Amino acid sequence: MSTIAASVGLLAMLATLAWCALLLLHRPICGWAWCYDVLTTAKTAGAVAVFFATFTLGLWITSPPFPAGRKFVAVELNGRPIISAQSGTKLPTLEVWRAPFTAEFNAGGTGHCNSWSGRAKLLPPNLVFWKKAYQTAVGCAASDLEAKYLRALLQTNLWRIEKGALILTNGTDTLRFLLSPA
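Going by this note's numbering, the sequence shown opens with residue 12, and the numbers climb by one from there.
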């Protein structure tokens with residue numbers, strides 16, 4: 012499927028480039044210099060806009076979809092395992108699902124002690140923007156670990172799938188999630 016989408020995107024970009032070249036080679040009928048300048052500027056702006064739109068559409072078509080509608084368990088933060096050694100604490104989770112009637116997604120899960128929820132905007136290629144995150148305020152022995160996890164999670168801006176794991180990163184912090192068994 013992705014090979015077909017990439018081929019369609021490449022063909023659309025090549026067709027756009029050919030169309031832009033034809034626009035730039037066409038000479039206007041009017042004889043005034045200002046007419047030529049205005050038309051050339053308009054054609055160039057139109058060609059750039061069409062090229063950008065085609066490029067964005069190609070990214071949208073060929074980028075893999077975010078694994079929404081699934082529950083993930085956090086297993087690593089910056090290469091260190093996330094463990095829940097304290098009794099009564101939970102492993103952090105993440106679940107993302109499409110918000111109705113919008114292009115945004117709802118997100119939620121648990122930390123070690125608290126539940127959290129928020130909004131996320133997912134853009135190609137593999138960008139994530141977190142907005143409006145809220146959490147409950149229950150204290151527990153793992154509050155420091157939970158604060159590190161939530162801070163790292165809500166600052167991530169890139170995602171990828173690597174060997175079946177969901178990886179969220181911001182260049183500094185990296186979270187690794189596995190699909191939850193339940």
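The beta-carbon is built from N, C-alpha and C at its ideal position, and this holds for glycine as well. Source: prediction; values computed, not measured.
Remark: C-beta atoms of N89 and D184 approach each other more closely than 8 Å. Under the DSSP assignment, L164 falls in the alpha helix (DSSP H) whose first and last residues are S154 to Q166.
Under DSSP, I178 shares a beta bridge with R171 and R187. Around the CB of R171, fewer than 16 other CB atoms lie within 10 Å, so the residue is classed as exposed. Rounded to the nearest angstrom, the gap between the Cα atoms of F62 and A53 is 14 Å.
L138: member of the beta strand (DSSP E) spanning L138 to Q146, first to last residue. The beta-carbon distance between H123 and E157, rounded to whole angstroms, is 4 Å. This is short enough to meet the 8 Å contact definition. Selection N181, T180, A176 and G182 evaluated against L189 yields A176 as nearest (Cα-Cα). Taking each of L105, A26 and N137 in turn and checking the Cα distance to G129, the smallest one comes out for L105.
Beyond the five residues adjoining it in sequence on each side, F140 comes within less than 6 Å, by CB distance, of K132 in the same chain, given in chain order.
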